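Q: Just dropping this structure here.
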Amino acid sequence: MPLYCFSCPSCGAIQELLVAFDAKPICSDCNGQELQRLLSCPAPEGKSAGIIRSGRAQAAREGYFSNSRA
Ligand SMILES: [Zn+2]
Numbered sequence: 001m002p003l004y005c006f007s008c009p010s011c012g013a014i015q016e017l018l019v020a021f022d023a024k025p026i027c028s029d030c031n032g033q034e035l036q037r038l039l040s041c042p043a044p045e046g047k048s049a050g051i052i053r054s055g056r057a058q059a060a061r062e063g064y065f066s067n068s069r070a
């Protein structure tokens with residue numbers, strides 16, 4: 001399942017959730033059921049550091065940041 005980001009209009013929380021495309025996730029903060037799926041994760045400071053790190057590691061593996069390689 002893909003990882004999607006959702007924003008909760010009730011409490012403003014941004015949540016990263018593994019859900020099916022048409023699933024109806026529930027806010028873990030306020031149990032709101034009106035979560036809006038975001039096209040991309042805003043990656044708030046701290047919370048998503050691990051995801052960003054793994055993304056960069058993947059990019060490095062694919063060569064985007066490997067300028068030093070001959
Ligand atoms: Zn909420």
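The sequence shown begins at 1 in the working numbering and counts up by one. Note that beta-carbon positions come from the ideal geometry of N, C-alpha and C, so glycine has one too. Predicted, not measured: the structure shown is a model, and the values here were computed from it.
What did DSSP end up calling residue 54 once you bin it into helix, strand or coil?
A: Here residue 54 sits in helix by DSSP.
Q: One question on the structure: do residue 37 and residue 4 come within less than 8 Å of each other, judged by their Cβ atoms?
A: A contact, by the Cβ cut-off of 8 Å.
Q: In whole angstroms, what separates the C-alpha of residue 32 from that of residue 25?
A: About 9 Å.
Q: Just grab the DSSP bridge partners of residue 14 for me.
A: Answer is 7.
Q: Within this structure, are the beta carbons of residue 29 and residue 41 separated by less than 8 Å?
A: Going by C-beta atoms, residue 29 is not nearer than 8 Å to residue 41.
Q: Within the present structure, is the beta-carbon of residue 8 separated from the nearest heavy atom of ligand 1 by less than 7 Å?
A: Yes; taking the cut-off as 7 Å, the Cβ of residue 8 has a heavy atom of ligand 1 nearer than that.
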